[in-house]
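Student: Residue 1071 is where the sequence shown starts when you use the numbering used here, and the numbers rise one by one after that.
One structure, as structure tokens, below. Some questions next.
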Amino acid sequence: MSAAYARSIAGLGHGGPPARGRRRPRRVAAVAVGPSPEAVEAAYTACEESTRASSATFFFATLLMRPTQRRSVQAIYAWCRELDDTVDGVEALRAPKEEADRKLSAIEADLRALFDDDRGGGPVVAPSSAPETIALADTIRRTPGLEAGPFLDMIAGMRSDLAVTLDVSTGLPSRMFDDWPALREYCYAVAGTVGLMTLPVMGTARGYTVEQASTPGIELGIALQLTNILRDVGEDARRGRLYLPLDAVATHGLTPREILDGVLDERYEALIEDEIRRAEAHFGRAADGVRMLAPAARLPVLAAAEIYGALLQKVRDNGYDNHTKRAYTTTREKLRALPGLARRAWFET
1071 MSAAYARSIA GLGHGGPPAR GRRRPRRVAA VAVGPSPEAV EAAYTACEES
1121 TRASSATFFF ATLLMRPTQR RSVQAIYAWC RELDDTVDGV EALRAPKEEA
1171 DRKLSAIEAD LRALFDDDRG GGPVVAPSSA PETIALADTI RRTPGLEAGP
1221 FLDMIAGMRS DLAVTLDVST GLPSRMFDDW PALREYCYAV AGTVGLMTLP
1271 VMGTARGYTV EQASTPGIEL GIALQLTNIL RDVGEDARRG RLYLPLDAVA
1321 THGLTPREIL DGVLDERYEA LIEDEIRRAE AHFGRAADGV RMLAPAARLP
1371 VLAAAEIYGA LLQKVRDNGY DNHTKRAYTT TREKLRALPG LARRAWFET
């Protein structure tokens, strides 16, 4: 278990203030006058559109939140989306990796600037800053308990993806995951952190603390990321990446090369079924924490978990072909699930 993961399980993120050494030039500067109220509203609107365009399931879940929660969660999501696009977006994949690395460094410097500002008055950003930065700054200002640690952990996880290359001698990715603990650490960094980012926004039920609710929040993020991996094996292979744990691949008599080449036989079906069950177990542990959330937060979190988790059954329904078929849920299926989810959210204690 990494130090970052251990700290986050304890609800501490990075812990303590960020180092104050020399900083790279950054796009966001502390200024006396920040964006106008109209500019802040426009930034939140841009984050809403980014969420809508990037993830139908996540956007659907945010529609079930209170308006103030929805705006803040969409701002956090849009910031995460910008980070992901910097590494995996179409333009990023065409550009030199050094350019993406510079952008990541600039995003990190911006983030540190936001959290380094006096929290009494809140961070102030330049009116020319990106919409997700303006909206995130406003969210930080309005959300006690929102800390830099999970955001920095996500940047580190994304940076590890950026470092992946193809080994010319083997034709295999330069970074693969030996076992589940190694993959779990990665899943924490790029998705479990989202639970820690959004928990202060969502709030906890009476009698529970953010620290207590952090572990199931991380579990949900890990489950969501593992679901992404199981949905996108083919897409990742075409990008020269393999996220399935190598010990599990070997246990089923497979090789990384076969996975990258799109093998689809009984061995592969058994491998994917085992990983689906692993993801379902994480969804189950995440569900145990729903009662710890503030009542208004339970339905959207349940909806995100259940509707996204349904993708696992879709992979089964597709005959485990996640090389050429993309699992998805329809709007009708999402709406059909709502009444049962609402009842569950209501009776959670």
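Here a beta-carbon is modelled for each residue, glycine too, at the ideal position from N, C-alpha and C.
Output the residue ranges of the beta strand (DSSP E) runs that lie fully inside the segment 1274-1314 and measure 3 residues or longer, sorted by chain position.
Tutor: Listed in chain order, nothing qualifies, since the segment 1274-1314 has no complete beta strand (DSSP E) run of 3 or more residues.
Student: In whole angstroms, what separates the C-alpha of E1119 from that of E1343?
Tutor: One-based indexing of the sequence shown puts residue 1119 at position 49. One-based indexing of the sequence shown puts residue 1343 at position 273. Spanning the two alpha carbons is a distance of roughly 35 Å.
Student: Locate the alpha helix (DSSP H) running through Y1338, then write down its first and last residues.
Tutor: Numbered from its first residue, the sequence shown carries residue 1338 at position 268. Segment E1336 to A1357, the alpha helix (DSSP H) holding Y1338.
Student: If I follow the unbroken alpha helix (DSSP H) through G1410, where does it start and stop?
Tutor: For the purposes of this step, residue 1410 is identified with residue 340 of the sequence shown, where counting begins at 1. Start and end: T1401 to F1417.
Student: Indicate the three-state DSSP secondary structure (helix, strand or coil) for P1214 in the structure shown.
Tutor: Taking the first residue of the sequence shown as 1, we reach residue 1214 at position 144. Three-state DSSP puts P1214 in coil, outside helix and strand.
Student: On the CB-based measure, 16 or more other CB atoms within 10 Å of its CB, does T1138 come out buried or exposed?
Tutor: Numbered from its first residue, the sequence shown carries residue 1138 at position 68. Exposed, by the Cβ-count rule.
Student: Starting from S1198 and walking both ways along the alpha helix (DSSP H), at which residues does that stretch end?
Tutor: The residue you call residue 1198 lines up with position 128 of the sequence shown. It is not in any alpha helix (DSSP H) - S1198 carries neither H nor E in the DSSP assignment.
Student: With a cut-off of 8 Å, do at least 3 Cβ pairs link the segment 1114-1131 to the segment 1383-1391?
Tutor: No, they do not touch.
Student: Compare the beta carbon distance of I1505 and G1273 with 8 Å and say whether it is the shorter of the two.
Tutor: Absent from the structure is residue 1505, since the part of the chain shown begins at 1071 and ends at 1419.
Student: By DSSP's criteria, L1363 is part of a beta bridge. Which residues make up the other side?
Tutor: Counting from 1 along the sequence shown, the entry for residue 1363 is found at position 293. Note: L1363 sits in a beta bridge opposite T1274.
Student: Let me know the secondary structure DSSP gives G1159 once reduced to three states.
Tutor: Within the sequence shown, numbered from 1, the residue matching residue 1159 stands at position 89. G1159 falls in the coil class under three-state DSSP.
Student: Assuming the contact rule is C-beta atoms closer than 8 Å, A1205 and A1148 should be a hit. Round their C-beta distance to whole Å, please.
Tutor: Position 135 of the sequence shown, counted from the start, is the residue given in the question as residue 1205. Position 78 of the sequence shown, counted from the start, is the residue given in the question as residue 1148. At roughly 7 Å, the Cβ-Cβ gap stays under 8 Å, so A1205 and A1148 are in contact.
Student: Could you give the DSSP three-state label for L1266: helix, strand or coil?
Tutor: Residue 1266 sits at position 196 when you count from the first residue of the sequence shown. Helix at L1266.
Student: Measuring straight from C-alpha to C-alpha, what distance separates R1368 and D1249?
Tutor: Here residue 1368 is taken as the residue at index 298 of the sequence shown, counted from 1. Here residue 1249 is taken as the residue at index 179 of the sequence shown, counted from 1. Their Cα atoms are separated by approximately 33 Å.
Student: Quick check: what's the CA-CA separation for I1146 versus A1320?
Tutor: On the sequence shown, residue 1146 is found 76 positions in, with the first residue counted as 1. On the sequence shown, residue 1320 is found 250 positions in, with the first residue counted as 1. Whole-angstrom Cα-Cα distance: 38 Å.
Student: For my contact list, Q1144 and T1127 are in at a C-beta cut-off of 8 Å; report their separation, rounded to the angstrom.
Tutor: By one-based count along the sequence shown, residue 1144 stands at place 74. By one-based count along the sequence shown, residue 1127 stands at place 57. With 8 Å as the limit, Q1144 and T1127 do not qualify as a contact, their Cβ atoms being about 14 Å apart.
Student: Just to confirm, is the Cβ distance from G1359 to P1286 under 8 Å?
Tutor: Here residue 1359 corresponds to residue number 289 of the sequence shown, with the count starting at 1. Here residue 1286 corresponds to residue number 216 of the sequence shown, with the count starting at 1. Yes.
Student: Is A1349 closer than 8 Å to A1293 when the C-beta atoms are compared?
Tutor: Mapped onto the sequence shown, residue 1293 falls at position 223. Mapped onto the sequence shown, residue 1349 falls at position 279. Yes, the pair counts as a contact, with Cβ atoms nearer than the cut-off.
Student: Going straight from the alpha carbon of E1345 to that of E1339, what length do you get?
Tutor: As a position in the sequence shown, residue 1345 is number 275, starting the count at 1. As a position in the sequence shown, residue 1339 is number 269, starting the count at 1. For E1345 and E1339, the distance between alpha carbons rounds to 10 Å.
Student: Can you give me the Cβ contacts of L1174 inside the same chain, cut-off strictly under 8 Å, excluding the 5 residues immediately before and after it?
Tutor: Counted from its first residue, the sequence shown places residue 1174 at position 104. The answer, listed in chain order, is L1153, T1156, V1157, I1225, M1228, R1229 and L1232.
Student: Name the two residues that bound the continuous alpha helix (DSSP H) containing Y1258.
Tutor: Here the question's residue 1258 lines up with position 188 in the sequence shown. Careful: Y1258 lies outside any alpha helix (DSSP H) and carries neither H nor E.
Student: What are the partner residues of P1105, as DSSP defines its beta bridges?
Tutor: Residue mapping note: residue 1105 aligns to position 35 of the sequence shown, counting from 1. Its beta-bridge partners do not exist; DSSP assigns none.
Student: Leaving out five residues on either side along the sequence, give the residues of the same chain with a beta carbon under 8 Å from the beta carbon of S1106.
Tutor: Taking the sequence shown and counting its residues from 1, one reaches residue 1106 at position 36. Cβ neighbours of S1106 beyond the five flanking positions: P1197.
Student: In whole angstroms, give me the CA-to-CA distance for V1260 and F1130.
Tutor: In the sequence shown, residue 1260 corresponds to position 190, counting from 1. In the sequence shown, residue 1130 corresponds to position 60, counting from 1. For V1260 and F1130, the distance between alpha carbons rounds to 21 Å.
Student: Would you mind working out which of G1332, G1159, S1199 and P1370 sits nearest P1409, comparing C-alpha positions?
Tutor: Taking the sequence shown and counting its residues from 1, one reaches residue 1409 at position 339. With distances taken between Cα atoms, P1409 lies closest to P1370.
Student: Determine whether the beta carbon atoms of C1257 and L1300 lie at a separation below 8 Å.
Tutor: Against the sequence shown, residue 1257 aligns to sequence position 187. Against the sequence shown, residue 1300 aligns to sequence position 230. For C1257 and L1300, no; Cβs fall outside 8 Å.
Student: According to DSSP, is P1370 part of a helix, a strand, or is it coil?
Tutor: For the purposes of this step, residue 1370 is taken as residue 300 along the sequence shown, with counting starting at 1. In the structure shown, P1370 sits in a helix (DSSP, three-state: H, G or I).
Student: Only counting the same chain, and skipping five residues up and downstream in sequence, which positions put a Cβ closer than 6 Å to that of L1253?
Tutor: As a position in the sequence shown, residue 1253 is number 183, starting the count at 1. Counting only Cβ-Cβ distances below 6 Å, and skipping sequence neighbours, we find F1247 and P1315.
Student: Give the straight-line distance between the Cα atoms of D1208 and R1309, rounded to the nearest whole angstrom.
Tutor: Stepping through the sequence shown from its first residue, residue 1208 is reached at position 138. Stepping through the sequence shown from its first residue, residue 1309 is reached at position 239. Approximately 36 Å between the Cα atoms of the pair.
Student: Measuring alpha carbon to alpha carbon, tell me which residue in A1356, G1332 and G1323 is nearest D1306.
Tutor: Mapped onto the sequence shown, residue 1306 falls at position 236. Among A1356, G1332 and G1323, the Cα nearest to that of D1306 belongs to G1332.
Student: Look up P1243 in the DSSP assignment and give the residues it is bridged to.
Tutor: As a working mapping, residue 1243 is identified with position 173 in the sequence shown. Answer by DSSP bridge pairing, in chain order: L1236.
Student: Can you check which of these residues, P1365, Y1278 and F1185, is closest to A1218 by C-alpha distance?
Tutor: Within the sequence shown, numbered from 1, the residue matching residue 1218 stands at position 148. Comparing Cα-Cα distances from A1218 to each of P1365, Y1278 and F1185, the minimum goes to F1185.
Student: Name the residue from G1104, S1124, S1125 and R1136 whose alpha carbon lies nearest to the alpha carbon of P1365.
Tutor: Taking the first residue of the sequence shown as 1, we reach residue 1365 at position 295. Looking at the Cα atoms, R1136 is the closest of the given residues.
Student: Ordered along the chain, which non-local residues of its own chain (more than five positions away) have a Cβ less than 7 Å from that of E1376?
Tutor: In the sequence shown, residue 1376 corresponds to position 306, counting from 1. If we look at E1376 and ignore the five residues flanking it on each side, its Cβ neighbours are A1407 and L1411.
Student: Going by Cα to Cα distance, which pick from P1220, E1328 and R1211 is closest to T1240?
Tutor: Your numbering for residue 1240 matches position 170 in the sequence shown. Checked all of P1220, E1328 and R1211; the closest Cα to T1240 is E1328.
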